[in-house]
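Accompanying notes for the structure given below.
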Amino acid sequence: MDNVNSEIRNPKSEIEKFAICNSQFGIHKYAVEIANLWYAYPDGNKALSGLSLRITHGEKVALIGRNGAGKSTLLMHLNGVLRGNGKIVIDGLELTDKTVKEVRKKVGLVFQEPNEQLFCPTVFDDVAFGPLNLRFPKDEVRERVEMALKLVGLEGYEERASFHLSIGEKKRVAIATVLSYSPEILAFDEPSSNLDPKHRRMLINWLKSVDKTLIVATHDLDLALEVCERCVVLNNGQTVTDGRSEEILRDEDLLEKNDLELPLCLTACFEFSQKLVDNLS
Numbered sequence: 000m001d002n003v004n005s006e007i008r009n010p011k012s013e014i015e016k017f018a019i020c021n022s023q024f025g026i027h028k029y030a031v032e033i034a035n036l037w038y039a040y041p042d043g044n045k046a047l048s049g050l051s052l053r054i055t056h057g058e059k060v061a062l063i064g065r066n067g068a069g070k071s072t073l074l075m076h077l078n079g080v081l082r083g084n085g086k087i088v089i090d091g092l093e094l095t096d097k098t099v100k101e102v103r104k105k106v107g108l109v110f111q112e113p114n115e116q117l118f119c120p121t122v123f124d125d126v127a128f129g130p131l132n133l134r135f136p137k138d139e140v141r142e143r144v145e146m147a148l149k150l151v152g153l154e155g156y157e158e159r160a161s162f163h164l165s166i167g168e169k170k171r172v173a174i175a176t177v178l179s180y181s182p183e184i185l186a187f188d189e190p191s192s193n194l195d196p197k198h199r200r201m202l203i204n205w206l207k208s209v210d211k212t213l214i215v216a217t218h219d220l221d222l223a224l225e226v227c228e229r230c231v232v233l234n235n236g237q238t239v240t241d242g243r244s245e246e247i248l249r250d251e252d253l254l255e256k257n258d259l260e261l262p263l264c265l266t267a268c269f270e271f272s273q274k275l276v277d278n279l280s
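Everything in the sequence shown is counted per numbering that gives the first Met the number 0, starting at 0 for the first residue and increasing by one.
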């Protein structure tokens with residue numbers, strides 16, 4: 000696995016090469032740097048146990064693991080929703096009380112539960128909230144709202160009340176609230192949950208095309224395999240393994256040890272191959 004990790008760390012994309020070559024000009028190699036991060040909830044439940052992680056600019060990384068592994072807790076540390084003990088640096092800017100507002104401009108976080116993200120009277124107001132706080136001109140705010148709603152397939156929903164929408168529609172509005180202010184780092188907690196097949200496919204296609212740093216915490220291992228080139232397995236608040244998604248998500252023993260299963264697409268392929276072998280024998 001060390002060899003796999005070293006391959007990931009070596010700059011292979013143009014984005015990474017650019018970042019490294021220009022570090023002396025204030026362009027940082029890593030979009031996210033986490034060092035020895037610890038966090039326990041008020042009830043004493045330890046969620047993160049000395050976790051360390053680095054993500055380069057433009058990487059698409061899946062965080063996978065059983066329930067309670069620390070995936071959501073880790074995401075909520077990226078823009079200061081939760082504050083544990085350890086060091087977090089976002090695009091060269093260390094997360095502190097003084098920098099948290101600037102960090103939140105860089106990291107867009109979409110919660111698993113959309114009702115935690117939607118609080119305005121209309122869809123337009125919810126999606127416009129970020130750009131307005133960043134003081135974009137009103138005309139640009141409207142353009143950004145229209146763009147974001149189009150990306151999630153909700154054109155014409157501007158005047159709808161968010162709390163009257165279905166759970167799947169709310170999920171898509173929550174994603175639009177982040178897309179509207181164009182952060183450089185996108186962090187999604189279970190983005191495909193509660194989406195119907197059509198809009199799940201739309202989401203996957205968009206995630207594949209986006210040219211930003213992408214961090215996805217998910218149990219949808221088919222999405223992880225298709226979208227993310229890198230996969231980090233978490234358990235008990237620590238990194239179990241970190242490497243190429245193609246390798247990790249085909250390792251049935253590793254997945255089973257962490258209460259996971261092969262992606263459905265691979266399960267179907269293996270079953271078909273076995274039937275083919277059985278028919279030929």
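The beta-carbon is built from N, C-alpha and C at its ideal position, and this holds for glycine as well.
Counting only the Cα atoms, Ala216 lies some 16 Å from Arg171. Runs of beta strand (DSSP E) with 3 or more residues, each lying fully within the region 68-122, are found at 84-89 and 106-109, listed in chain order. Three or more Cβ pairs drawn from the region 94-107 and the region 70-86 lie within less than 8 Å of each other, which places the two stretches in contact. If you compare the alpha carbons of Ala147, Leu62, Asn132 and Glu189 with that of Pro113, the shortest gap goes to Glu189.
Taking C-beta separations shorter than 7 Å and ignoring five residues to either side along the sequence, the partners of Leu194 in its chain run Gly167, Lys170 and Leu202, following chain order. Under the DSSP assignment, Thr176 falls outside any beta strand (DSSP E), being part of the alpha helix (DSSP H) whose first and last residues are Ile166 to Leu178. Counting C-beta pairs with one atom in each stretch, the region 118-127 and the region 170-187 have three or more that are closer than 8 Å, which means they touch. Sequence-distant partners of Leu206 (beyond 5 residues in either direction) whose C-beta falls short of 7 Å from its own C-beta, in its chain, are Leu213 and Val226. Separation of Tyr40 and Leu47 (C-alpha to C-alpha, rounded to the nearest whole angstrom) is 10 Å. Contact annotation: Glu228 and Arg243 have beta-carbon atoms nearer than 8 Å. Contact between the region 45-64 and the region 26-37 is present, with at least three C-beta pairs closer than 8 Å. Going by DSSP, Ala160 is part of no alpha helix (DSSP H) at all; its letter is neither H nor E.
Cβ neighbours of Val106 within its own chain (closer than 7 Å, five residues either side excluded): Leu77, Asn78, Ile89, Pro182, Ile184 and Ala186. Lys70 places its beta carbon 8 Å or farther from that of Leu81. In chain order, Ala147 and Leu150 place their CB closer than 7 Å to the CB of Leu178, counting only its own chain and leaving out the 5 sequence neighbours on each side. If you draw a straight line from the Cα of Arg141 to the Cα of Lys104, it is about 19 Å long. Within its own chain, the residues whose Cβ lies closer than 8 Å to the Cβ of Lys211, once the five positions on either side in sequence are excluded, are Gly57, Pro182, Glu183, Ile184 and Leu185, listed in chain order.
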